[in-house]
Every structure is written in C-alpha cells, then in structure tokens.
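Chemist: Those letters in the sequence shown? Residues 430 to 770, per the working numbering, in order.
Cβ atoms here follow ideal geometry from the backbone N, Cα and C, with glycine treated the same way.
All figures in this text were calculated on a predicted structure; none of them were measured in a lab.
The following block contains the structure, expressed as structure tokens.
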Amino acid sequence: MKKDILSYDLNELCAEMELLGEKKFRARQIYEWLHIKRVHEFANMSNISLALRTKLDEIYCINRINIVRKLESSLDNTVKYLYELSDGNHIESVLMEYKHGNSLCISTQVGCKMGCNFCASTIAGFKRDLLTSEMLMQVYMAEENSGRHVDSIVLMGIGEPLDNFDNVVKFLRMISCETGKNLSLRHVSLSTCGLVDRIYDLAGYKFGLTLSISLHAPTDQKRSSIMPVNKRYGISELIEACRYYIDKTGRRISFEYAVIHGVNDTHEDAEALIKLLRGINCHVNLIPVNEIKERDYRSDKNSLNIFAAALEKGGLNTTIRRTLGADIDAACGQLRREYEI
Ligand code: SAH
C-alpha cells in the first residue's frame, strides 16, 4: 500500500526525503504543494523534477475524500457534505456562516464508541479512527468546493476526538502550521464527552483551543443514564480534570448541555448545575436537542428559556445555541445514518 503523504508533518516529510536521498528543502516545497496550493496529483508539482515526481507517485498517495452528497440550506448558508473515504466509509462535515466568519464542523472518527443515547453518530457503532489526512482533507475540500474561507474549525462532527488522540493532536499541529493553512488554534474548538485521562494529556500541549465538555446532565445518575462514558469517569473526576485544564492552559472551558424536555431541564437540574459549575472559569452552551428518529427526545422552548434564565441568575455565563441548517438536518451523524440504511 502506498504511504499517506498528507499525514506527514513537515519534520516527518523532511525525514522521508532524506531517506530518498533528496535535499531537505524539497520537503518544504512538496509540503506547500500539498497543504497550501493543495494539488491533487504529484504531476502538478511543477518545481519538482519529473524523476522525483514519478518516484513520489510510486511510493505515496495523496489521500482523497470524495463528496457524495452536498446539501445546502435555503434558510442560511449552511452546507453539509457527505464524503466517501478511500475505503468506502462515509463521514460528514458541516460548513456554517456566522458573523465572525465561516466555521467548519469536522468528523474525527467513522462512527463512535461512546454510546450517548441522544446522538445519531453512535447508533451504527464504531468503524475506525480517521487519519490525519482525512481530517485535513475535510477542511481543504470544503474550501475548494464552496469557494469560502474556513475561519474556524470545530471538532464536533462524528466521533470522539480524544479517542483518536494522536491523529487529532497531529491534525491540530498541522492545521496551525505556518507552512500550511496556518490557522490559529484560538479559532479551534474541540468537543469531548469527557475522557478524563486524555483531558490531562491535552492540557500538557497547552494549545490555545477552546475545550468543550459535553456535560448534558448535572448528576451522575442522570448523566450515566444518557451517557455511558459517565460510568467510567464520573462527574467529580471530570470536573477535577476541567479545573486542571483551565489552570494549566489559562483557557476558559465551554460546557455543552443538550436540553431534553423532561430529562434534564427541570428546576432541580438547573440548581444542581449551578452548584456544580460555580466558581469555574466557564461558559454554558445550551443546545436545543436535535430530534433523531431513533429517540423521542425533544426540546421545549419555554422550559429551555426558563432553564437558561435560572442559570444566568445563578451566575453562570449562558448562551443558547442558534440552530443552523434546520432544513437539512445538519446535526452530526444524521446524514451518514440516512445514507447507510
Ligand atoms: N464526541 C464529542 C464530539 C461529537 S458530538 C462529544 O461528545 O463532545 C458534538 C456535540 O453534539 C456534543 O456536545 C454532543 O453531545 C452533541 N449532540 C449529539 N447528539 C445531539 C443531539 N441529538 N442534539 C443535540 N446535541 C447533540
């Protein structure tokens, strides 16, 4: 099998070129062709000799992901892409427009092991981790296809980013590399269901990104009933890891809370959440739960507003996430799911 050249960072590509007996500066030239000019074929690398281009083509592949469906919202400028990977698996990305620019939500795995019972991404189970190249290509393809510049990236699509830790860390380093897209990690958010060990590991990198914790319930009993991961890492352990992360990185954490009527939106839930998060440098993002056909969860607008007001009153910095692409089912996992049935 050919080597996946798009997954090599610049240092690794230098080492590869040395192995081939090439000068180191070739690595930078090739890296620019791949990550700035984004050619699809070695043949287009016009400042590389024909002999080297032929050799590269024999040893490496430029991993492609192909758009198999593209849905465009008629309500806002949301675009949802369904991609086929080179092994026939499918993933999704969603391009959204905000006042501050375009934001791309990308997938990090094919399927998910975490089993959150309100999430469409996990229902068909887990297939495999995405390669770094497949995460980068979601960004490059969205820009190429839409003609829009991706200003920020959220790792909130299909999969659990911290369960694909090494490839995700490499993606973060490569997307922010000066010889490449050069995107500041201040414009990146990473969302996790709470893999505590990996939160400690991530803190060590001191990335400038925003860490989002999918909390969704304020007590162990409730959280475990909708998120199996909570049986492995309970809430107090998770919050301790969050405190450590904030302390180490100096960054505020965002807690995501999908509001499900009758499940986690009572007055007691609000009180428990206020108590849990009081004094933590954080922000609470309430998400009206996206209805998926496998569950009858729904959000109630009135209860949601009351819940939000209670949190604000309790001193928590709270926002309600705006729904984008409502007409194209833009929530993660929904398109792939439809496609695979
Ligand atoms: N595995 C990561 C990232 C993927 S999910 C995580 O758990 O954070 C991105 C966000 O969407 C998470 O906060 C997730 O809990 C939430 N989510 C999943 N299904 C949802 C649904 N049906 N309605 C609202 N939010 C949902």
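With the cut-off set at 7 Å, would you say V718 and A687 are in Cβ contact?
Modeler: As a position in the sequence shown, residue 718 is number 289, starting the count at 1. As a position in the sequence shown, residue 687 is number 258, starting the count at 1. Yes, these two residues count as a Cβ contact at 7 Å.
Chemist: Is the stretch 533-542 close to the stretch 557-569, with three or more CB pairs under 8 Å?
Modeler: yes
Chemist: CA-CA distance, I491 and G554?
Modeler: Sequence index remark: in the sequence shown, residue 491 carries index 62 (1-based). Sequence index remark: in the sequence shown, residue 554 carries index 125 (1-based). Computed Cα separation, rounded: 28 Å.
Chemist: Name the DSSP bridge partner or partners of D433?
Modeler: In the sequence shown, counting from the first residue as 1, residue 433 sits at position 4. D433 pairs with C490.
Chemist: Is N719 a contact residue of the ligand SAH, with contact defined as CB to any heavy atom under 6 Å?
Modeler: Reading the sequence shown from its first residue, position 290 is the one you call residue 719. Within the cutoff, so yes.
Chemist: Rounded to a whole number of angstroms, what is the C-alpha to C-alpha distance between K431 and D626?
Modeler: Position 2 of the sequence shown holds residue 431. Position 197 of the sequence shown holds residue 626. So the alpha carbons of these two residues sit roughly 34 Å apart.
Chemist: Going by other Cβ atoms of all chains shown within 10 Å of its Cβ, with 16 needed for buried, is H578 buried or exposed?
Modeler: Taking the first residue of the sequence shown as position 1, residue 578 is located at position 149. Flag for H578 reads exposed.
Chemist: Could you work out which residue in H690, L705, I703, L753 is closest to K730 when comparing CA atoms only?
Modeler: Here the question's residue 730 lines up with position 301 in the sequence shown. The shortest C-alpha separation from K730 is found at H690.
Chemist: Once you ignore the five residues that flank A646 on each side, which residues in its own chain have a CB closer than 7 Å to its CB?
Modeler: Taking the first residue of the sequence shown as position 1, residue 646 is located at position 217. Only R652, I655, N693 meet the Cβ criterion.
Chemist: Using the C-alpha atoms, what's the distance from R457 back to L560?
Modeler: By 1-based counting over the sequence shown, the position of residue 560 is 131. By 1-based counting over the sequence shown, the position of residue 457 is 28. Rounded to whole angstroms, L560 to R457 spans 21 Å at the Cα level.
Chemist: Starting from the C-beta of I770, find all residues in its chain whose C-beta is less than 8 Å away, skip the five residues before and the five after it, and write them out in chain order.
Modeler: Counting from one through the sequence shown, the residue named residue 770 turns up at place 341. With a pLDDT of 39 at I770, under the threshold of 50, the modelled position of that residue is not reliable, and no figure is offered here.
Chemist: Using three-state DSSP, classify D580 as helix, strand or coil.
Modeler: On the sequence shown, position 151 is the one that residue 580 refers to. Of the three classes helix, strand and coil, the one that applies to D580 here is strand, per DSSP.
Chemist: Can you list, in chain order, the residues of its chain whose CB lies under 6 Å from that of S605, leaving out five sequence neighbours each side?
Modeler: Your numbering for residue 605 matches position 176 in the sequence shown. Hits under 6 Å: L612, L614.
Chemist: Would you check if the distance between the CB atom of S641 and the CB atom of S683 is smaller than 7 Å?
Modeler: Sequence index remark: in the sequence shown, residue 641 carries index 212 (1-based). Sequence index remark: in the sequence shown, residue 683 carries index 254 (1-based). The answer is yes: Cβ separation under 7 Å.
Chemist: With 16 as the cutoff for other CB atoms within 10 Å, does G540 come out buried or exposed?
Modeler: The residue labelled residue 540 in the question sits at position 111 within the sequence shown. When all chains shown are included, G540 counts as buried.
Chemist: Determine, using beta-carbon pairs with one atom in the stretch 708-724 and one in the stretch 468-484, whether at least three such pairs fall under 8 Å.
Modeler: The stretch 708-724 and the stretch 468-484 do not touch, with fewer than 3 CB-CB distances between them shorter than 8 Å.
Chemist: Which residue spans inside the stretch 569-636 form an unbroken alpha helix (DSSP H) run of at least 4?
Modeler: 594-604, 625-634
Chemist: Taking Y527 as the reference, give the member of L667, I582, I664 with the closest Cα.
Modeler: Counting from 1 along the sequence shown, the entry for residue 527 is found at position 98. It is I582.
Chemist: Return the CA-CA distance between K499 and W462, expressed in angstroms with no decimal places.
Modeler: If you number the sequence shown from 1, residue 499 lands on position 70. If you number the sequence shown from 1, residue 462 lands on position 33. Their backbone Cα atoms lie some 26 Å apart in a straight line.
Chemist: Going straight from the alpha carbon of A480 to that of K452, what length do you get?
Modeler: As a working note, residue 480 is residue 51 in the sequence shown. As a working note, residue 452 is residue 23 in the sequence shown. Whole-angstrom Cα-Cα distance: 14 Å.
Chemist: Within 10 angstroms of the Cβ of G450, are there 16 or more other Cβ atoms? Answer buried if so, exposed if not.
Modeler: Within the sequence shown, residue 450 is the residue found at index 21, counting from 1. Looking at its Cβ environment, which holds fewer than 16 other Cβ atoms inside 10 Å, G450 is exposed.
Chemist: Please name the residue or residues paired with H519 in a DSSP beta bridge.
Modeler: Translated into the one-based positions of the sequence shown, residue 519 becomes position 90. DSSP lists E513 as partners of H519.
Chemist: Counting along the chain, where does the beta strand (DSSP E) carrying V718 start and finish?
Modeler: Here residue 718 corresponds to residue number 289 of the sequence shown, with the count starting at 1. DSSP places V718 outside any beta strand (DSSP E), giving it a letter other than H or E.
Chemist: Taking all protein chains shown into account, do 16 or more other C-beta atoms lie within 10 angstroms of the C-beta of S503, making it buried, or fewer, making it exposed?
Modeler: One-based indexing of the sequence shown puts residue 503 at position 74. With fewer than 16 Cβ atoms within 10 Å of its Cβ, S503 is classed as exposed.
Chemist: Kindly give me the distance between the Cβ atoms of I465 and G609, rounded to whole angstroms, as I take these residues to be in contact under 8 Å.
Modeler: If you number the sequence shown from 1, residue 465 lands on position 36. If you number the sequence shown from 1, residue 609 lands on position 180. The pair is a contact, with the Cβ atoms about 7 Å apart (cut-off 8 Å).
Chemist: For R455, tell me which candidate among E741, L439, L753, R707 has the shortest Cα-Cα distance.
Modeler: Here the question's residue 455 lines up with position 26 in the sequence shown. Among E741, L439, L753, R707, the Cα nearest to that of R455 is on L439.
Chemist: Using the C-alpha atoms, what's the distance from I709 back to R493?
Modeler: The residue given as residue 493 occupies position 64 in the sequence shown. The residue given as residue 709 occupies position 280 in the sequence shown. Cα-Cα distance, rounded: 42 Å.
Chemist: Examine the ligand SAH and report whether any of its heavy atoms sits within less than 6 Å of the Cβ of M566.
Modeler: Reading the sequence shown from its first residue, position 137 is the one you call residue 566. Result no, Cβ not under 6 Å from the ligand SAH.
Chemist: Determine which residues share a DSSP beta bridge with S683 and list them.
Modeler: Counting from one through the sequence shown, the residue named residue 683 turns up at place 254. Answer by DSSP bridge pairing, in chain order: S641, H712.
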